[in-house]
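Reading through the structure tokens given below for one structure.
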Amino acid sequence: MKSKKYNITKGLFIVYIIILTWIILFKLQFDVSSIETMNLRSINLVPFAGSLIINNKVDISEIILNVAIFIPFGIYICMLKEEWSFIKKVIPIFITSLAFETLQYIFALGASDITDLIGNTLGGIIGIAVFMLLSKIFKNNTIKIINILAFIVTIIVVLFLGLVIFANL
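For the sequence shown, the working numbering assigns the number 112 to the initial residue and increments by one for each residue that follows.
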């Protein structure tokens, strides 16, 4: 039987994946009709080709956001599959990112970009490193402490998104 901590982590991870999907595929849209009008289908297979220069200025904000949004994925994968090797933990991060990029292309929900795939995977790897560091600091209490923090952050994010949705009704 799985422990209570494991079930809490799993529940928080599911909420994270739902929010991640809404952000990446649906671009935080509240109305299905606005998603239908996106109709953007492109592929960029040249790393960092279109991400860095915007309006003749270097802009790495999108890359930073892609990295940041996948850091929790790396932390959660470590919490749920501690026994897995580093490579085994990176594979689902990479595959999830690849799936998002593929779905964006198939359903014309946005540009599929190798830079996003690299940034997302890097974010997951950073999350794995953060978990390893926290494990050294908190030892046996790591998962409990992360679950408490993740629960608080999840509540704040869900409340914020709820307010945004309510404000856009």
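For every residue, glycine included, the Cβ atom is placed at its ideal position computed from N, Cα and C.
- Contact check for G234 and I182: beta-carbon distance about 5 angstroms, within the 8 angstroms limit, so the pair qualifies.
- The C-beta separation of L123 from F262 comes to about 6 angstroms, placing the pair in contact by the 8 angstroms criterion.
- Assignment of A160 by DSSP, reduced to helix, strand and coil, places it in the coil class.
- Under the DSSP assignment, I237 falls in the alpha helix (DSSP H) whose first and last residues are 225 to 249.
- Inter-residue distance for G230 and K138 is about 17 angstroms (C-alpha atoms, whole angstroms).
- Around A210, the same chain offers no residue with a beta carbon nearer than 6 angstroms, after the five sequence neighbours per side are excluded.
- In this structure, the straight-line span from the alpha carbon of N177 to that of D227 is close to 6 angstroms.
- For N155, the enclosing beta strand (DSSP E) begins and ends at 151 to 155.
- About 7 angstroms separates the beta carbons of T207 and F184, which is inside the 8 angstroms limit, making them a contact pair.
- 8 angstroms or more divides the Cβ of F271 from the Cβ of M190.
- Here V126 is near T265, since their CB atoms are less than 8 angstroms apart.
- Here the C-alpha atom of I134 lies approximately 15 angstroms from the C-alpha atom of A219.
- By alpha-carbon distance to F159, the top candidate from R152, L151, S172 is S172.
- In the structure shown, A219 adopts coil according to DSSP, grouped into three states.
- Residue state for L260 is assigned as helix, using DSSP reduced to three classes.
- Here L136 carries a coil assignment [DSSP, helix/strand/coil].
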